[in-house]
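Asks:
Number of protein chains: 2
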Amino acid sequence: MNDPRRIKDLLYEQVARIGKAASSPKRLELIELLCQGEKTVDALAREAAISMKLASAHLRELRAANLVETEKQGKYVIYRIANRQVADFWVAIHSLAEDRLVELRLVIEQMVSHPKELAPQDRDGLVRLARKGEVVVLDVRPADEYLAAHLPFARSIPLDELKQRLAELPKGKTVVAYCRGPYCLMARDAVDLLRKKGYDALRLPEGVAEWGIAPVR
Amino acid sequence: MNDPRRIKDLLYEQVARIGKAASSPKRLELIELLCQGEKTVDALAREAAISMKLASAHLRELRAANLVETEKQGKYVIYRIANRQVADFWVAIHSLAEDRLVELRLVIEQMVSHPKELAPQDRDGLVRLARKGEVVVLDVRPADEYLAAHLPFARSIPLDELKQRLAELPKGKTVVAYCRGPYCLMARDAVDLLRKKGYDALRLPEGVAEWGIAPVR
DNA sequence: AGCTTATTCTAGTATTCATTAGATTGTTAG
DNA sequence: CTAACAATCTAATGAATACTAGAATAAGCT
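One line per chain: the protein sequences are C and X, in this order. Residue 391 in the working numbering sits at position 86 of the first sequence, and the numbers go up by one each step. Residue 449 in the working numbering sits at position 144 of the second sequence, and the numbers go up by one each step.
1) What is the DSSP secondary structure of C/Y483, counted as helix, strand or coil?
2) C/P510: which of C/L406, C/V396, C/K502 and C/F458 sits nearest, CA to CA?
3) Please return the same chain residues whose Cβ sits closer than 6 Å to the Cβ of X/R470, not counting the five positions on each side in sequence.
4) Interface residues of chain C around X/H399 at Cβ under 8 Å?
5) With a threshold of 8 Å between beta carbons, is C/I383 in contact with chain X?
6) Would you grab the beta carbon distance between X/D494 and X/L464 for me? Rounded to a whole angstrom, and I think it's under 8 Å.
7) Any beta carbon of chain C sitting closer than 8 Å to that of X/P330?
8) Using 10 angstroms around the beta-carbon of X/N357, count the other beta-carbons present and answer buried if the total reaches 16, otherwise exposed.
9) Would you please verify whether the beta carbon of C/A370 is less than 8 Å from any beta carbon of chain X?
10) Using a Cβ-Cβ distance cut-off of 8 Å, determine whether X/Y488 contacts chain C.
11) According to DSSP, is C/K325 part of a helix, a strand, or is it coil?
12) Could you check what DSSP says for C/R470 in three-state terms: helix, strand or coil?
13) Taking Cβ-Cβ distances below 9 Å as the criterion, which residues of the region 482-513 of chain X are in contact with chain C?
14) Work out the CA separation of X/Q378 and C/V417 for me, nearest whole Å.
15) Quick one: residues in its chain with C-beta nearer than 6 Å to the C-beta of C/A350, no 5 flanking neighbours on either side, listed in chain order?
16) Any idea what DSSP makes of C/D444, helix, strand or coil?
17) Under the assumption that X/L333 contacts C/V320 (Cβ atoms under 8 Å), give the Cβ distance between them as a whole number of angstroms.
18) Between which two residues does the beta strand (DSSP E) holding C/E439 run?
19) Between the Cα of C/R445 and the Cα atoms of C/H399, C/A454, C/L315 and C/K437, which residue gives the shortest distance?
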């Protein structure tokens, strides 16, 4: 309990707790998932493709940094991000990474970039078109994530139901598909399917976190 | 070189490189120092109170994450942040830490909070008063940091020259002292000194990074 | 009550990281 | 050229971390 450290060190140590939480790829993936809406440990583990034990351990770290909260509901434990600032931080750190790390930009390009990307510049324009019904904004995430938060005027058809529900989409209009954000491939797959079926489809490489829309409980 | 990993993992791994860079207290302190302006390894080590070897090792990490750049000038190596987005990230992570971690707020309160704090709400108001000359905005950081970037209408008197240069300050006006940001104590010490000498002095717990002012090369 | 499922806790291991000391490179000053 | 200094590199150490497996809780379900 002696303290030969500078008082200042205590401050940076606290900030570093946030950095530590953000220093593991898996934890970042969990944060991104939680930005879509609250989820159980089980669901998080499944979607991040890790064991529940490991998910639990990482969530423990996130909770130790006060970035997420939990609520016990019967057999399940529900995790959610502590507030929208956490989602903003996720956007800030992945944006900075995209800005600074060529490697990241290369991987992103390899993964998705075809002529079917929508430049993420003009949000107001997209909303205006969607309001007038001139484009269809399509949320292809699981239904519960759509319920927790979605882009303005978006309609929900989860990716795994898309093939069966194609009839719901008007064929003349451009479909703008989005999912969890730039690292999620559901919208890419949706666009591939839609184009194969003759639709005019584009991928919006942004999600609710990037648009600053916080999930509701 | 086999790759049984999901392609997605590569993305989060890249983002985690930024998180790793931000997971060490010392590296965060170095980033904050570099937000004040470019510096040599030697200067950084001195101001962060660590050995040059350790500073060099940490700076190596920061450069590996592309957050800082270097330039060799004769015997010295000059480090600077790669761009203003890095400074914005520093502000984002320390703000999130202040929002989420009670421990951090407690340490900050213990360190500085007296009745002489200026609430950091009204920047425009402060600038207006400073423009009209109704308050003196005083930058107490070392002179080179003032030259690299400073708040609007601020004048420079480094803390260690303040005692000798008190005559430069008009006694009737409120002096608003600032330094490197909320974790820096130079402004606090300046305010203590000024009040002891009969000045009306307040501490602004923000610096150029928090105001979004990037240092010039 | 027993059985199943969701979650956490405890150990154990392999790996990574922070830090220090010693040797090395490159540059300036005498 | 040599001495002094700035900075980096290498190697070594102890501490922290990610992940796995096994046991322990705890809440439904039958």
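Ideal Cβ placement from N, Cα and C applies to all residues, glycine included.
Replies: This is what the structure holds:
1) In the first sequence, the residue the question calls residue 483 of chain C occupies position 178. In this structure, C/Y483 counts as strand in the three-state DSSP scheme.
2) Position 205 of the first sequence, counting from 1, holds the residue named residue 510 of chain C. Comparing Cα positions, the closest option is C/V396.
3) By 1-based counting over the second sequence, the position of residue 470 of chain X is 165. Contacts found: I462.
4) Here residue 399 of chain X refers to the residue found at position 94 of the second sequence. Those within 8 Å of X/H399 in chain C are V320.
5) As a working mapping, residue 383 of chain C is identified with position 78 in the first sequence. By this cut-off, C/I383 is not an interface position.
6) Within the second sequence, residue 494 of chain X is the residue found at index 189, counting from 1. Within the second sequence, residue 464 of chain X is the residue found at index 159, counting from 1. Right, their Cβ atoms sit about 6 Å apart.
7) One-based indexing of the second sequence puts residue 330 of chain X at position 25. Yes, contact with chain C.
8) Within the second sequence, residue 357 of chain X is the residue found at index 52, counting from 1. The sequence as given places Met at residue 357 of chain X; Asn does not occur at that position. So X/M357 counts as exposed.
9) One-based indexing of the first sequence puts residue 370 of chain C at position 65. Yes, C/A370 counts as interfacial toward chain X.
10) Here residue 488 of chain X is taken as the residue at index 183 of the second sequence, counted from 1. Cβ-Cβ to chain C under 8 Å: yes for X/Y488.
11) Taking the first residue of the first sequence as 1, we reach residue 325 of chain C at position 20. Looking at C/K325 - three-state DSSP - the assignment turns out to be helix.
12) Your numbering for residue 470 of chain C matches position 165 in the first sequence. Of the three classes helix, strand and coil, the one that applies to C/R470 here is coil, per DSSP.
13) P487, Y488, C489 and L490
14) On the first sequence, position 112 is the one that residue 417 of chain C refers to. On the second sequence, position 73 is the one that residue 378 of chain X refers to. In a straight line, the C-alpha of C/V417 is about 42 Å away from that of X/Q378.
15) As a working mapping, residue 350 of chain C is identified with position 45 in the first sequence. The beta carbon of C/A350 is closer than 6 Å to those of M357 and A360 in its chain, skipping five residues each way along the sequence.
16) Walking along the first sequence from the start, residue 444 of chain C turns up at place 139. Secondary structure of C/D444 (DSSP, three-state): strand.
17) The sequence position of residue 333 of chain X within the second sequence is 28, counting from 1. The sequence position of residue 320 of chain C within the first sequence is 15, counting from 1. About 5 Å; that satisfies the 8 Å criterion.
18) For this step, residue 439 of chain C is matched to residue 134 along the first sequence. Note, C/E439: premise wrong, no beta strand (DSSP E); not H, not E.
19) As a first step, residue 445 of chain C is located in the first sequence; it is residue number 140 there, counting from the start. According to the sequence displayed, residue 445 of chain C carries Val and not Arg. Among C/H399, C/A454, C/L315 and C/K437, the Cα nearest to that of C/V445 belongs to C/A454.
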